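Position 43 of the sequence shown, counting from 1, maps to 74 under our numbering, and the rest follow consecutively.
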Amino acid sequence: MAIKIDLQKQVFHLQTREASYVCGIVEGEYLAHFYYGKRIQSYNGSNAIAYIDRGFAPNPPGKPRTFSLDTLPQEYPCYGNGDFRQPAYQIEFADGTRVSDLKYETYNHNIGKSELAGLPATYPLESDTCETLTISLYDKIAKVRVILTYTVFEEKNMMTRHVRIINESTENLHLLRCLSMNIDFRDSDFELLTLYGAHNNEKNVERRQVNHQIQKIESSRGTSSPHQAPYFALLRKETTETQGDVYAFNFVYSGNFVAQVQQDHYDSVRVQMGINDFDFKWQLKPGQDFQTPEVVMSYTSQGLGASSRDFHQFYRHNLCRGHFKEKSRPILINNWEATYFDFEEKKLLEIAKKAQAVGIELFVLDDGWFGKRNDDTTSLGDWVVNEEKLPNGLNNLATSITGLGMEFGIWFEPEMISQVSDLYKQHPDWCLRIENREPTIGRGQLVLDLGNPEVINYLFNAITKILESAPITYVKWDMNRHLTDLGSAILPTIQQSEVVHRYVLGLYNLMERLTTKFSTVLFESCSSGGGRYDAGMLYYMPQTWTSDNTDAICRLSIQYGTSLVYPPVTMGCHVSTTPNHQVGRETPLQTRGVVAMAGNFGYELDVTKLEPTELAEIEQQIQHYKKYRDIFQFGDLYRLLAPTQANDAAWSMVSRDKEIAIVTYVKLLSLPAAPIKILKLQGLEETDIYEHTETGECFSGDELMNAGITVPRVKVDFHSQQWIFKKKQ
Ligand code: GLA
32 MAIKIDLQKQ VFHLQTREAS YVCGIVEGEY LAHFYYGKRI QSYNGSNAIA
82 YIDRGFAPNP PGKPRTFSLD TLPQEYPCYG NGDFRQPAYQ IEFADGTRVS
132 DLKYETYNHN IGKSELAGLP ATYPLESDTC ETLTISLYDK IAKVRVILTY
182 TVFEEKNMMT RHVRIINEST ENLHLLRCLS MNIDFRDSDF ELLTLYGAHN
232 NEKNVERRQV NHQIQKIESS RGTSSPHQAP YFALLRKETT ETQGDVYAFN
282 FVYSGNFVAQ VQQDHYDSVR VQMGINDFDF KWQLKPGQDF QTPEVVMSYT
332 SQGLGASSRD FHQFYRHNLC RGHFKEKSRP ILINNWEATY FDFEEKKLLE
382 IAKKAQAVGI ELFVLDDGWF GKRNDDTTSL GDWVVNEEKL PNGLNNLATS
432 ITGLGMEFGI WFEPEMISQV SDLYKQHPDW CLRIENREPT IGRGQLVLDL
482 GNPEVINYLF NAITKILESA PITYVKWDMN RHLTDLGSAI LPTIQQSEVV
532 HRYVLGLYNL MERLTTKFST VLFESCSSGG GRYDAGMLYY MPQTWTSDNT
582 DAICRLSIQY GTSLVYPPVT MGCHVSTTPN HQVGRETPLQ TRGVVAMAGN
632 FGYELDVTKL EPTELAEIEQ QIQHYKKYRD IFQFGDLYRL LAPTQANDAA
682 WSMVSRDKEI AIVTYVKLLS LPAAPIKILK LQGLEETDIY EHTETGECFS
732 GDELMNAGIT VPRVKVDFHS QQWIFKKKQ
């Protein structure tokens with residue numbers, strides 16, 4: 032059993048492969064947190080909570096002065112009943128007050144895991160040991176029930192948490208905050224790792240000491256955003272890639288989020304994650320409930336690499352869904368950086384022909400194929416083919432391309448509307464806006480109100496029509512601005528602050544319908560690159576365009592940060608032209624190739640303009656990727672050198688059976704007096720012999736992992752090398 036319940040002591044002990052999570056009832060009525068960390072076989076309260084009469088720590092009625100919620104480590108703290116730290120939720124009642132008090136009522140222990148209505152969530156496979164504990168807390172004065180759900184995926188080393196709040200009273204109430212997860216650690220010796228960024232510069236690793244303040248990351252942009260990923264980890268000072276405690280948390284949600292860490296005055300650390308309470312207010316009528324999205328969390332004592340590999344396996348098997356979940360992903364060519372908006376059928380076919388000749392499998396027609404779209408100021412919403420550019424229609428182009436033996440894919444940006452569009456003429460009230468105010472423009476466009484079911488139906492039908500009009504097997508789903516002017520024409524005054532969450536629910540509904548109807552189409556999400564790269568989107572679309580920045584050297588750190596939580600197969604990575612369009616850098620084609628092979632491989636350049644030698648090199652890259660595609664896409668990632676630390680980066684992909692390891696090294700600048708680099712491999716069988724496929728030299732796994740391999744010195748900037756080691760039979 033992964034969940035052990037001691038009824039007498041009222042203790043719940045949840046066990047994953049490496050972790051124990053323990054909570055229980057104190058004073059007969061409060062749900063307290065006892066322990067989270069390395070797996071222990073049993074819990075008998077050796078770290079008993081010390082009850083001390085602390086200054087300014089108030090006591091619940093009838094309780095001794097030594098008992099205060101202000102100092103109690105809790106599972107789901109309330110507001111206004113004596114705990115002055117950040118609450119996990121807050122409710123505004125009909126009388127205007129905002130104080131509530133939850134007491135433990137009951138629990139339930141089940142095998143398996145239920146779906147979260149209308150929300151993306153992880154799910155068990157038949158082969159998983161998966162158990163769920165629900166704990167019901169109740170405020171009997173307010174008649175509000177809070178159900179905390181904990182699911183344990185024991186062998187996967189993962190837990191999930193979410194919360195449901197039910198209004199059992201006869202009056203309307205408003206949720207002002209409703210987080211998905213709260214943990215009170217009785218320990219503050221942590222560093223906090225987060226992933227910050229911007230457009231073209233996503234997922235930079237930032238690590239700092241937790242201290243006596245609230246350290247918070249958030250998005251209030253309507254999407255999870257490129258600025259902070261909905262991910263954080265608590266580490267020890269000594270934690271590295273290969274050893275040390277890692278508590279990692281990721282939110283399965285694509286809208287506004289908050290994640291915060293608060294060290295209090297007695298050095299406890301409260302850790303929280305959920306929908307951002309900033310500008311959030313949700314009405315619950317009598318009998319209604321609110322379901323929070325889930326947080327996925329894991330603990331390992333084996334460093335960041337192990338934490339990432341746990342997330343990668345879990346997300347690949349227990350989050351991503353559909354036809355392409357376990358399927359090799361095609362090598363694609365996208366025409367965006369080749370043509371931008373400036374193309375017609377002939378040009379596209381020339382690119383496709385050249386691409387097909389070198390082995391590319393899928394042609395993706397990016398932005399500009401619809402309405403009157405010749406730049407980014409018009410036509411979003413008008414999902415009909417642009418007959419000036421494609422006079423023979425989409426089907427003709429698509430069938431010409433499939434006739435070459437390639438697949439055909441297409442770009443949409445469904446959530447948006449251009450003011451210069453037929454849709455806007457017909458439905459100006461379908462966008463987010465506030466009456467009498469001119470809405471703010473982003474990238475020349477407005478945002479549709481996805482909380483409006485009519486908008487969802489329109490988009491479903493419009494996209495269906497296009498997808499049924501031609502042999503389309505891939506969709507790139509883009510989203511290129513954030514939400515402003517948060518007003519909805521269909522919501523009453525009292526519910527206007529529900530707009531953002533309703534938007535996200537509408538988006539999920541639309542994606543669920545479309546991905547179900549077009550179940551064999553490969554969907555890739557995008558938001559100006561990695562602007563909405565989150566687990567919520569991965570539930571519907573099993574890959575994401577990692578960044579609009581295609582420069583191989585910038586990509587080293589973008590992909591490094593992304594790989595902390597998201598699997599390589601989910602990361603769209605393309606070889607683009609040189610000098611690079613985003614930063615102007617010139618990088619050897621080989622390096623552009625091996626960096627793109629760190630994920631879901633493709634090309635994004637005008638192949639018709641390449642020299643025969645370049646085309647020949649691309650052909651070789653493609654053959655190489657195809658040969659090892661399963662390992663590149665589904666192997667285990669070992670990060671060997673962090674691009675953030677020195678003048679280089681290295682990683683390896685190891686097949687799940689440890690038969691093959693593909694090791695990649697990229698140097699940045701060629702330096703004088705550079706130290707000779709030794710790369711220590713990881714993830715091999717210690718006692719097995721591995722052969723270097725190029726030279727035939729053989730080494731034991733433990734030699735490669737401890738003595739390492741010497742990186743030959745090459746005096747070229749941005750040079751890269753790749754080694755393949757195969758186990759000798
Ligand atoms: C976004 C995407 C790009 C491209 C353009 C098209 O920026 O991230 O890949 O599709 O939109 O407008």
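Backbone N, C-alpha and C define an ideal beta-carbon position, used for all residues, glycine too. Source: prediction; values computed, not measured.
Strand pairing of I740, partner residues [DSSP]
L710
By the three-class DSSP mapping on this structure, what secondary structure does T772 have?
Residue 772 lies beyond the range of the chain shown here (32 to 760); nothing can be said about it.
The beta strand (DSSP E) enclosing K378, as first and last residue numbers
Looking at the DSSP string, K378 is not in any beta strand (DSSP E); the run it does join, the alpha helix (DSSP H), is E376 to A388.
At the level of alpha carbons, what is the spacing between G305 and Q527?
20 Å
Compare the C-alpha of F443 against each of L435, G402, D480 and G434 and name the closest.
Closest option to F443, Cα to Cα, is G402.
Just the Cα atoms here: how many angstroms apart are V42 and E123?
32 Å
Do the CB positions of Y766 and G440 come within less than 8 Å of each other?
Nothing about residue 766 can be read from this structure; the chain reaches only from 32 to 760.
Since G630 and Q676 are thought to touch, with beta carbons under 8 Å apart, how far apart are those beta carbons, to the nearest angstrom?
Going by Cβ atoms, the distance from G630 to Q676 rounds to 21 Å, so no, they are not a contact pair.
Neighbourhood of P573 by C-beta distance below 7 Å, restricted to the same chain and skipping five residues each side:
For P573, where only same-chain residues beyond five positions count, the Cβ hits under 7 Å are C351, G353, F355, K356 and T601.
Three-pair Cβ contact test at 8 Å for the segment 385-403 versus the segment 576-586
The segment 385-403 is not in contact with the segment 576-586.
Can you say whether S550 is buried or exposed, counting buried as having 16 or more other CB atoms within 10 angstroms of its CB?
exposed
Who are the near neighbours of V416 in its chain, counting only those whose CB is closer than 7 Å to its CB and skipping five residues on each side?
W400, F401, G424 and L425
Quick one: complete alpha helix (DSSP H) runs, 4+ long, within the segment 513-584?
Within the segment 513-584, the runs of alpha helix (DSSP H) that reach at least 4 residues and sit entirely inside it are, in chain order, 530-548 and 566-571.
With respect to 7 Å, is the separation between the Cβ of C462 and the closest non-hydrogen atom of the ligand GLA below this value?
False, no ligand heavy atom lies under 7 Å from that Cβ.
Sufficient close CB pairs (3 or more, under 8 Å) joining the segment 560-577 to the segment 194-211:
no
Relative to the ligand FMN, is the shortest distance from any of its heavy atoms to the C-beta of N511 smaller than 7 Å?
Because the ligand FMN does not appear in the structure shown, any question about it cannot be addressed here, the ligands present being the ligand GLA.
Does the segment 248-267 touch the segment 688-704, meaning 3 or more C-beta pairs lie closer than 8 Å?
no
Limits of the alpha helix (DSSP H) - the one that T163 falls within
Note, T163: premise wrong, no alpha helix (DSSP H); beta strand (DSSP E) at C161 to D170.
contact_flag[the segment 184-193, the segment 361-379] where n(CB pairs < 8 Å) is 3 or more
The segment 184-193 is not in contact with the segment 361-379.
L103 in three-state terms, based on DSSP
coil
I think G286 touches G253, with their Cβ atoms under 8 Å apart; what is that distance to the nearest whole Å?
6 Å
Mind reading off the beta-carbon distance from V694 to L712? Whole number of angstroms is fine, and I expect it under 8 Å.
V694 to L712, Cβ: 6 Å. Contact.
Sequence-distant residues of its chain with Cβ nearer than 7 Å to L428 (five each side left out)
E376, L379 and L421
Leaving out five residues on either side along the sequence, give the residues of the same chain with a beta carbon under 6 Å from the beta carbon of H458.
none
Helix, strand or coil: which one does DSSP assign to H140?
In the structure shown, H140 adopts extended strand secondary structure according to DSSP, grouped into three states.
Among all the DSSP beta bridges, which residues are the ones paired with L396?
I441
In or out: G93 buried (at least 16 other Cβ within 10 Å) or exposed?
exposed
So, for R85: in the same chain, excluding its five sequence neighbours on each side, which residues have a beta-carbon less than 8 Å away from its beta-carbon?
Taken in chain order, the residues that qualify are S99, D101, T102 and Y297.
Select from P118, D132, A152 and Q753 the residue whose C-alpha is nearest the C-alpha of Y659.
Q753
If you follow the alpha helix (DSSP H) that E645 is part of, which residue opens it and which one closes it?
P643 to K658
Contact check, V531 vs L517 under 8 Å by CB: the rounded distance?
6 Å
Which of helix, strand or coil does DSSP assign to N281?
strand
According to DSSP, simplified to helix, strand and coil, what is S339?
helix
Where V747 falls, given that 16 or more other Cβ within 10 Å makes a residue buried:
exposed
Taking C-alpha atoms, which residue in Y181, G603, Q46 and P317 lies nearest to F663?
G603
In three-state DSSP terms, what is H458?
Three-state DSSP puts H458 in coil, outside helix and strand.
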